[in-house]
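Those sequence lines, one after another, are chains A and B. The first sequence finishes on residue 997 if you use our numbering, and the numbering steps up by one all the way, no holes. The second sequence finishes on residue 312 if you use our numbering, and the numbering steps up by one all the way, no holes. Have a look at the structure below, then the notes.
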Amino acid sequence: MVKPTLDPSSSSSIATDVEPLLEFDRVGLEYPFEGSMRRIIQEVNLSIKPSEFVSFVGPSGCGKTSILRMVSGLSPAPIGEIRYRGQRIKKPLNNVGIAFQNPVLLPWRNTLNNVMLPLEIVPPYKNDFGQKKAEYTRMAQDLLSTVRLQDFQKQYPWQLSGGMRQRASLCRALIHQPEILLLDEPFGALDAFTREEMWTMLQALWMRVKCVGILITHDLREAVFLSDRVFVMSPRPSTIIYEELINLPRPRTLEMELDDEFNHYFSNIRRHIHHN
Amino acid sequence: MSSFNLDHFLKSKSAGIVLPFIATVVLFALWELIVILFKIPPFNLPAPSNIVRAMVEFTPQLFANSMRTLWTTLLGFVLAVIVGVILGFMIGYSRLAYLTMYPLLVAFNTIPKAAIVPLLAIWFGANAIPATVTAFLLAFFPIAVNVALGLDTVEPEMKDVLRSLGASQVETFQKVGWPHTLPYIFASLKIAASFAFIGAVISESVASNAGLGYLIVQATSDFNVPLAFAALILLAIMGVILYTFFVYLEKKVIYWAR
Chain A
722 MVKPTLDPSS SSSIATDVEP LLEFDRVGLE YPFEGSMRRI IQEVNLSIKP
772 SEFVSFVGPS GCGKTSILRM VSGLSPAPIG EIRYRGQRIK KPLNNVGIAF
822 QNPVLLPWRN TLNNVMLPLE IVPPYKNDFG QKKAEYTRMA QDLLSTVRLQ
872 DFQKQYPWQL SGGMRQRASL CRALIHQPEI LLLDEPFGAL DAFTREEMWT
922 MLQALWMRVK CVGILITHDL REAVFLSDRV FVMSPRPSTI IYEELINLPR
972 PRTLEMELDD EFNHYFSNIR RHIHHN
Chain B
55 MSSFNLDHFL KSKSAGIVLP FIATVVLFAL WELIVILFKI PPFNLPAPSN
105 IVRAMVEFTP QLFANSMRTL WTTLLGFVLA VIVGVILGFM IGYSRLAYLT
155 MYPLLVAFNT IPKAAIVPLL AIWFGANAIP ATVTAFLLAF FPIAVNVALG
205 LDTVEPEMKD VLRSLGASQV ETFQKVGWPH TLPYIFASLK IAASFAFIGA
255 VISESVASNA GLGYLIVQAT SDFNVPLAFA ALILLAIMGV ILYTFFVYLE
305 KKVIYWAR
């Protein structure tokens, strides 16, 4: 009689908390440069739990954007691997939401229809998009009112300000209830006041969807305000040189920025940023 | 003191109709005046009044030949749209098609089409076919190039958004590629419509048995210059009408443009 053998790793991990949603396992990246391969990312090892919001900060050229492209599967990790629920990411995942610095809304669609685009493409929504259009429209209107765009549903992108376009782009990234939200310097092109306003709106949206958030940013205050954890990357060839756990209660408010605690996190992170 | 405000008038809708009309009338009035003042003989430059007289006198010929030019142009143009759009999509979407066909297309486009017409006449005879083919040959290139350009200019971030949603090639084309390319197509249609007219008339003047191009050659060889001018003016009118039609259609289809 053969007894089923217990997997030692699964039996020992009962005591630890939730399984990670994403695991980076010796992730590296190199690029051809003037005839030889230049190492961009030396090695990144980390794991991200479900509904955790993390940020990557670091000098430009350290491979931050590449990390997002690897997680999304748009360009899978060439060295090492990133696992999503234990599965190696080899091709684009289809349950992610993405927002870039450029909001890239479709000029021929009004705000509402731009936000609803993912529902026409991602299953299961696309299968009953015809029948449930009214319900889906309410979903989109709900998100739009979270970012105070409820009165701009019928407007076309050219009629919106930069900040409004970016808010619509965030709604589009979240409407299909993705498990992972990827943000590549989404507020980089906005002025300081608009940017702070966007933080609170993004937080409100994220708290509704409760997905993993991965933010790439140059703005350390933005990273502290939004994240549960902030990863600091070194200059090229980069690794994670510092990790800060942000224990501020949610929802966070802009007043918190003035608190000692907030500034303590900020200066801890700032101290670890090195330039190329 | 007048309350007339020029800036205000220039922005109004009626200015778009009134001013071109005035410009046309002034041009013809000046023309008439110059011909009278300098006593220019009609076989050098006929006065507008003389051209109108020719139009009335030769109405049946002008009408029949205009129709011939119109349908050969339109047929060549429609073929150019179909072939141009298909070629444009091939070049725009397939690197293989781009590398193999694009240099050939550029080389072909460089050949003066007037030089091909005698060959067309040998192959098809002096009838409507050379005119249709020439109209097609002149018109398809700008359409193909613009369609390819349109497909090529979709923002990479937009492609990433669609890819990360798991969109298929067909969905990406439907949701982004096609609507993004439409303005480029319309821009090229306006150019291609004029090119088709030019092609048809070039061909008619070399190898044909009818059409305004043919009529102009016949009229000038009879020293009936007013009739030749009448044909030219009809040609210009047809060109403006077709152009205006596409501008109107463009406004309807590309509703999102400012």
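Glycine residues also receive a C-beta, built at the ideal position from the N, C-alpha and C atoms.
Exercise. Taking only runs of the alpha helix (DSSP H) that begin and end inside the segment 76 to 158 of chain B, which ones reach a length of at least 4 residues, in chain order?
Worked result: 102 to 111 and 113 to 147
Exercise. Within this structure, are the beta carbons of A/VAL951 and A/SER772 separated by less than 8 Å?
Worked result: no
Problem set entry | Residues of the segment 203 to 216 of chain B with Cβ closer than 8 Å to any Cβ of chain A, in chain order | GLU209, GLU211, MET212, ASP214, VAL215 and LEU216
For this session: Would you give the residue range spanned by the beta strand (DSSP E) that A/VAL775 belongs to?
Result: 774 to 778
For this session: For the segment 780 to 811 of chain A, list the alpha helix (DSSP H) runs that are entirely contained and at least 4 residues long, ordered along the chain.
Result: 785 to 793
Problem set entry | Through-space distance from B/ALA77 to B/ILE88, alpha-carbon basis | 16 Å
For this session: Determine the direct distance from the alpha carbon of A/ILE937 to that of B/GLY231, and round the result to whole angstroms.
Result: 28 Å
For this session: Measure the C-alpha to C-alpha separation of A/THR867 and A/ARG973 and round it to an integer number of angstroms.
Result: 16 Å
Exercise. CA-CA distance, B/LEU243 and B/LEU64?
Worked result: 27 Å
Problem set entry | Proximal residues of chain B, C-beta to C-beta of A/TRP829 below 7 Å | PRO233 and TRP310
Problem set entry | Length of the line joining the Cα atoms of A/PHE914 and B/PHE249 | 53 Å
Exercise. Skipping 5 residues on each side, what residues in its chain have a beta carbon closer than 7 Å to that of B/LEU20?
Worked result: Look at the range of chain B in this structure, 55 to 312, and you will see that residue 20 of chain B is not part of it.
Exercise. Taking the alpha carbon of B/PRO96 as the point to measure from, which residue in B/TYR297, B/ASN263 and B/THR274 has its own alpha carbon closest?
Worked result: B/THR274
Problem set entry | Residues of the segment 793 to 820 of chain A with Cβ closer than 9 Å to any Cβ of chain B, in chain order | SER793, GLY794, LEU795, PRO813, LEU814, ASN815, ASN816, VAL817, GLY818, ILE819 and ALA820
Exercise. At which residues does the alpha helix (DSSP H) containing B/MET212 begin and terminate?
Worked result: 210 to 218
Exercise. From A/LYS770, A/GLN876 and A/MET954, pick the residue whose C-alpha is nearest to that of A/GLY807; which is it?
Worked result: A/LYS770
Exercise. Which of helix, strand or coil does DSSP assign to B/ALA284?
Worked result: helix
For this session: State buried or exposed for A/SER988, treating a residue as buried only when at least 16 other CB atoms are found within 10 Å of its CB.
Result: exposed
Exercise. Does A/ILE780 come within less than 8 Å of chain B when only Cβ atoms are used?
Worked result: It is worth fixing the name first, because residue 780 of chain A is Pro in this sequence and not Ile. No, its Cβ sits nowhere closer than 8 Å to a Cβ of chain B.
For this session: Assess, as a yes-or-no matter, whether the segment 921 to 930 of chain A is touched by the segment 840 to 847 of chain A under the definition of 3 or more beta carbon pairs within less than 8 Å.
Result: no
Exercise. Going by alpha carbons, who is nearest to A/SER796 out of B/ARG217, B/ALA254, B/PRO233 and B/THR154?
Worked result: B/ARG217
Exercise. Within 8 Å (strictly less), CB to CB, does B/LYS305 reach chain A?
Worked result: no
For this session: Just the chain B side, please: which residues come within less than 7 Å of A/TYR877 by C-beta, in chain order?
Result: TRP310
For this session: Give every residue of the same chain whose Cβ lies closer than 6 Å to the Cβ of A/GLY794, excluding the five residues on either side of it in the sequence, and list them in chain order.
Result: ILE810, LYS812, PRO813 and LEU814
Problem set entry | Distance cut-off 7 Å: A/LEU895 Cβ against heavy atoms of the ligand ATP | The model on display carries no ligand, and the ligand ATP is accordingly not part of it.
For this session: Just confirm the distance between the C-beta atoms of B/ILE105 and B/THR188, as a whole number of angstroms; I'd bet it's less than 8 Å.
Result: Not confirmed; about 27 Å, so no contact.
Exercise. Ends of the beta strand (DSSP E) at A/GLN763?
Worked result: 757 to 769
For this session: Please go through the same chain and pick out, in chain order, the residues whose beta-carbon is closer than 6 Å to the beta-carbon of A/GLY934, but skip the five residues on each side of it.
Result: PHE774, LEU902 and TRP927
Exercise. Where does A/ASP1037 fall in DSSP's three states?
Worked result: No statement about residue 1037 of chain A is possible, as the shown extent of chain A runs from 722 to 997 and does not include it.
Problem set entry | A/PRO753 - containing beta strand (DSSP E), residue span | 743 to 754
Exercise. Does the pairing of the segment 218 to 226 of chain B with the segment 162 to 176 of chain B give three or more beta-carbon distances under 8 Å?
Worked result: no
Problem set entry | Distance between B/GLY293 and B/ILE90 (C-alpha atoms, nearest Å) | 29 Å
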